[in-house]
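**Q** Once you've had a glance at the structure underneath, I'll fire off some questions.
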Amino acid sequence: MISFLLRRLLSSIPVALLVIVVCFLLVRLAPGSPFSSERALDPATQQMLESKYGLSGSLPEQSLRYLGNVLRGDLGDSLKFRGRTVLEIIGQSLPRSLLLGSIAFLLALGLGVPLGAWAAARNGKTADKWLNGFALLTLSIPTFVLAPVAVLCFSFALPLLPPAGWGTPLQLVLPSICLALPFVGVCARLTRSGLLETIGADFIRTGRAKGVSEKTLVLLHALRPAVLPLVAYAGPLAASILTGSLVIEEVFAIPGIGQFFVSGVMNRDVFLVSGVVLIYCLLLLFFNLIADWLTAILDPRIRLQS
Amino acid sequence: MTFRRGIPGLTGLLLATSLLTSCQSRPRADLVICNGAEPQTLDPALVSGQLEGRICSALYEGLTRRDARGKSVPAAAEKWEISPDGKIYTFHLRPDLRWSNGEPVTSHDYRFSWLRALQPSTASPYAEILFGIQNAEAFHQGKLPADSVGLETPDLHTLRVRLTHPLPYFPSLTSFTTYLPVHQATVEKYGDRWTQPNSWVGNGPYRLLDWKINDRVSLEKNPSYHSPKRAQLQRIDALAVTRASTAFNLYSTGQADLLLDKGLVPSLMLPQLRGRSDFHPGPLLATYFYRFNVTRPPFQDVRVRRAFALAIDKESIIEKITRGNEPVAQALTPRGIADYNPPEGLPYDPTTAQGLLKLAGFPQGKGFPRVSLLYNKSELNEQIAVEIQAQWKQVLGVEVELRNQEWATYLRSLDELDFDIARSSWVGDYDDPNTFLDCFVTGRGNNRTGWSDPTYDSLLNRALAEPNAARRLKLLAEAETILVTQAFPIIPLYHFVGCLMFDPNRWTGLYPNLLDEHPFSEISPR
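These protein sequence lines map, in sequence, to chains D and Y.
Count along the first sequence from 1, then add 1497; that gives the number in the working numbering.
Count along the second sequence from 1, then add 283; that gives the number in the working numbering.
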């Protein structure tokens, strides 16, 4: 077990480094300079800035220099937000995204799994159809529609919740629901289809023949193998939901990390982009590891060594 | 299994701690402003944007400052004398100036700050706004030492500035962000990080209390400020909000008191907002225009450029698309600068446009090469481009392709003259036509058209050297006439309008003005 975790952790290091170098190169290869603005900058100043931030020389030189800094724990300075290090920006915004994301993640699982189980138990009945419809609806409404509609309903029509901002627990309600809702649908559908598959399996039929109650059958025997696809899905889901969403952060004025993925690229703020991508990559590797570990616990046929 | 109990418990604990740490909030500030995007810096020498400039004017005090109506008034300098040739300004500082750490502010601080902004290693994006000072440009280029720059400090409270040319607007220029003073010891001690709240020192009516990335900049009254009555609010929060609908929602639910930027008012709502008592539109010193690349055919030919300019119905763009009652731009410089009358541009004249295109060898657009219209990706730019594309097709019979690029790529295309026609805008830095006209002098970084005209250059140079204000403005108007009625490297389309949103029954000290200056220190509750 421990050797499995160690091996996986060690093999993650080259992956993360490769990701960060590719990301650095892609942003550097994009046309345009991080220092350009509507007001023209004189070439001497531009050169000065490039050498100050280690962006002079050939691309391989630049990426090696950057890689060396990253290995020393220095993610560089933001090129747009002068005087701020990438670590400082991530340090301030990541906890906010993590908080919002974990609430949304728990909501997605906490609502999705019971709803899916409930629908599976009523397979083909009206309730199942309604639930399927609901799942499809949450999946197909984009957040940029969902979020403003939620604000309209719960901040204006029924003035119950603040429409945006950060600082009080009430301000977390709307954004976390809007962030979670599309995933509630996915989780419900995954649970439902997983359960339907297992409920038809031989060992459940045997259990039923032995007189085990339906409730015990579903919750104790069927649910465990049925959530395997969900566990595999939850790994990447956790990584993406925890690193925030541009739309949710913009609509609800959440000072999280999600918007840096987009604004960083737009500004060619190469160290910031590479930094946030590194965080995303590490979270993804970590949660995939957790998912694999959970899968092995849930499914006795899987051995971690294999 | 242990993880069943362990994981939810751990998650709960994590959530609770993050809730506590992330949601620590102060009571609401006296004034909450939606200020636009996250400030890129609060170092006045490095600021290039308006939203940062606004915060800086509360944190630092220049020799002069802008009042609530955008007028330049004495600030750190209580008076100044001008030499008869208009080239030497002697500023006398108030004796009671203090930094927020209690140290006195002296003329050396201003000299240090201006030289710092000029120093090549500072890489100030606005260093050229100091080039009016003798030898400043040569120092910036590393050709002369700092001592040669025309800045003298005969005593702690006197700053003597020698200019290359008489600049009648120089005192008002000293309120501009790049001219604001910084505290030498702090800057030298903390380097790039001196603007962080725990190291920051300034001399403005407010001091920096907190700065949370992408969330807010909090300011509080500076007790060391010489005229404490000018800062009438204990605390001001400037929120970083980029989306207009979000800013408007915050304003509508009372979480914000003031929308300071036109970009923060949803444009679709403008028709409904007009007429409301909390909606305050006003003119703005900014112009939306198209540039030609005059180095490439067919726009090397002035007749073609003229034809394209005459074929645009600017009124219809304002009626159909911008819908903010923007003034049609006949010239590049907006109206409203004292004593300056920008030239009358050309009217919408399809017949002459068609005739000119025919003369240039393209009757009804026949044989006209493929050209494209470049703009940076935004809904407004696209709508305007589509409308103008249709007008050119209809009037001139010319097919123009639309080419949209995201911001950084678009800027590179402009710099490298990799376009035929491109959309642009320019916001004036100070209330003088020079802030617009200087862009098109041969070889300027902001020229971005490849256009060069010795007569235009010499008119601008003569204006620089002209001590008589009226004659100077006349020379500038002559230059602008060349720009917008003879040579057409650009087509001015419309002038922007600003709009503020605040409840006039609650707040005073806010007036729409050409420079869009709304100093925080002038705002007070009714």
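Backbone N, C-alpha and C define an ideal beta-carbon position, used for all residues, glycine too.
In this text the structure is predicted, and so the values were computed from the model without any measurement.
Indicate the three-state DSSP secondary structure (helix, strand or coil) for L1576(D) in the structure shown.
**A** Note: L1576(D) maps to coil in three-state DSSP.
**Q** Consider the Cβ of I773(Y): report whether some Cβ of chain D lies at a distance smaller than 7 angstroms.
**A** Cβ-Cβ to chain D under 7 angstroms: no for I773(Y).
**Q** Please list, in chain order, the chain Y residues whose beta carbon lies closer than 9 angstroms to that of E1547(D).
**A** Those do not exist, as E1547(D) stays about 10 angstroms from chain Y at its closest Cβ, beyond 9 angstroms.
**Q** Should D313(Y) and Q517(Y) be called a contact, given that it needs their Cβ atoms to be closer than 7 angstroms?
**A** Yes; because the gap between Cβ atoms is below 7 angstroms, this pair is in contact.
**Q** What is the rounded straight-line gap between the Cα of A360(Y) and the Cα of P480(Y)?
**A** Approximately 27 angstroms between the Cα atoms of the pair.
**Q** Whole-angstrom Cβ separation of L819(Y) and R686(Y), contact assumed at under 8 angstroms?
**A** Chain Y is shown from 284 up to 809; residue 819(Y) falls before or after that span and cannot be answered.
**Q** Bridge partners of G781(Y), per DSSP?
**A** G565(Y), per the DSSP bridge assignment.
**Q** Assuming L783(Y) and L543(Y) make a contact with CB atoms under 8 angstroms, what is their CB distance in whole Å?
**A** The Cβ separation is near 6 angstroms, so the contact holds.
**Q** Is P428(Y) close to chain D? Criterion is C-beta to C-beta, closer than 7 angstroms.
**A** Chain D, which has no Cβ nearer than 7 angstroms to the Cβ of P428(Y), makes this no.
**Q** DSSP three-state label for S1742(D), please.
**A** S1742(D): coil per DSSP, three-state reduction.
**Q** Roughly how many angstroms lie between the CA atoms of F374(Y) and P357(Y), to the nearest whole one?
**A** F374(Y) and P357(Y): Cα-Cα distance of roughly 10 angstroms.
**Q** Can you give the Cα-Cα distance for H563(Y) and A539(Y), rounded to whole angstroms?
**A** So the alpha carbons of these two residues sit roughly 16 angstroms apart.
**Q** Counting only the same chain and skipping the five closest in sequence on each side, list residues whose C-beta sits under 8 angstroms from that of I604(Y).
**A** For I604(Y), where only same-chain residues beyond five positions count, the Cβ hits under 8 angstroms are L663, Q666, I667, E670.
**Q** Give the secondary structure of H423(Y) by DSSP, where H, G and I count as helix, E and B as strand, and everything else as coil.
**A** Three-state DSSP puts H423(Y) in a helix.
**Q** Note down, in chain order, all residues in the segment 684-698 of chain Y with a beta-carbon under 9 angstroms from any beta-carbon belonging to chain D.
**A** So the list reads Q688, E689, W690, A691, T692, Y693, L694, R695, S696, L697, D698, given in the order they occur along the chain.
**Q** Taking only the alpha-carbon atoms, compute the straight-line gap between E411(Y) and L401(Y) and give it to the nearest angstrom.
**A** Straight-line Cα distance between these residues: approximately 8 angstroms.
**Q** Name the chain Y residues that come within less than 9 angstroms of F1578(D), Cβ to Cβ?
**A** Correct list: E321, P322, Q323, T324, I496.
**Q** To which residues does DSSP link T441(Y) through a beta bridge?
**A** Beta-bridge pairing links T441(Y) to H375(Y), D438(Y).
**Q** In chain Y, which residues lie less than 8 angstroms from S1590(D) when you measure between Cβ atoms?
**A** By Cβ distance, chain Y contributes I496, N497.
**Q** Let me check understanding here. Comparing Cα to Cα, which of T460(Y), K660(Y), Q688(Y), E763(Y) lies closest to A328(Y)?
**A** Measuring from the Cα of A328(Y), the nearest candidate turns out to be T460(Y).
**Q** How many Å lie between F645(Y) and F651(Y) at the Cα?
**A** So the alpha carbons of these two residues sit roughly 6 angstroms apart.
**Q** Within 7 angstroms of any Cβ in chain D, is that where the Cβ of T436(Y) sits?
**A** By this cut-off, T436(Y) is not an interface position.
**Q** Is there a Cβ from chain D that is less than 7 angstroms from the Cβ of Q538(Y)?
**A** Taking Cβ atoms only, chain D reaches closer than 7 angstroms to Q538(Y), which makes this a yes.
**Q** Less than 7 angstroms between the C-beta atoms of C1675(D) and L1643(D), yes or no?
**A** Cβ atoms of C1675(D) and L1643(D): closer than 7 angstroms.
**Q** Write down the C-beta distance between V1724(D) and L1795(D) rounded to the nearest angstrom, noting that I regard them as a contact closer than 8 angstroms.
**A** Rounded, the Cβ-Cβ distance is 7 angstroms, consistent with contact.
**Q** Whole angstroms is fine: what's the gap from G1613(D)'s alpha carbon to V1715(D)'s?
**A** Whole-angstrom Cα-Cα distance: 12 angstroms.
**Q** Given a cut-off of 7 angstroms, decide if G1682(D) and L1608(D) are closer than it, judged by their beta-carbon atoms.
**A** Contact: no.
**Q** Give me the Cα-Cα distance between P506(Y) and S807(Y), rounded to the nearest whole angstrom.
**A** Approximately 17 angstroms between the Cα atoms of the pair.
**Q** CB-CB under 7 angstroms to G733(Y), same chain, minus the five flanking residues each way: which ones, in chain order?
**A** Once the five neighbours on either side are set aside, the close Cβ partners of G733(Y) are N576, V577, T578, L700.
**Q** Going by Cα to Cα distance, which pick from A468(Y), N497(Y), I496(Y) is closest to W483(Y)?
**A** Ranking the options by Cα distance to W483(Y), first place goes to A468(Y).
**Q** Rounded to whole angstroms, what is the Cα-Cα separation between L257(Y) and M552(Y)?
**A** Limits of chain Y in this structure are 284 at one end and 809 at the other, which puts residue 257(Y) out of reach.
**Q** State buried or exposed for S305(Y), treating a residue as buried only when at least 16 other CB atoms are found within 10 Å of its CB.
**A** Its pLDDT being 49, under 50, S305(Y) is placed unreliably in this model, and the value from its coordinates should be taken loosely. S305(Y) is buried by the Cβ-count criterion.
**Q** Checking the sheet assignment: what are the DSSP bridge partners for D520(Y)?
**A** D520(Y) pairs with V315(Y), S501(Y).
**Q** Could you check whether the Cβ of V1648(D) sits closer than 7 angstroms to any Cβ belonging to chain Y?
**A** So, interface residue.
**Q** Tell me, to the nearest whole angstrom, how far the beta carbon of G1732(D) is from that of I1787(D); I am working on the premise that it is less than 8 angstroms.
**A** Yes, they are in contact, since the Cβ atoms of G1732(D) and I1787(D) sit about 7 angstroms apart, within 8 angstroms.
**Q** In this structure, what does DSSP give as the bridge partners for K495(Y)?
**A** Paired residue(s): R499(Y).
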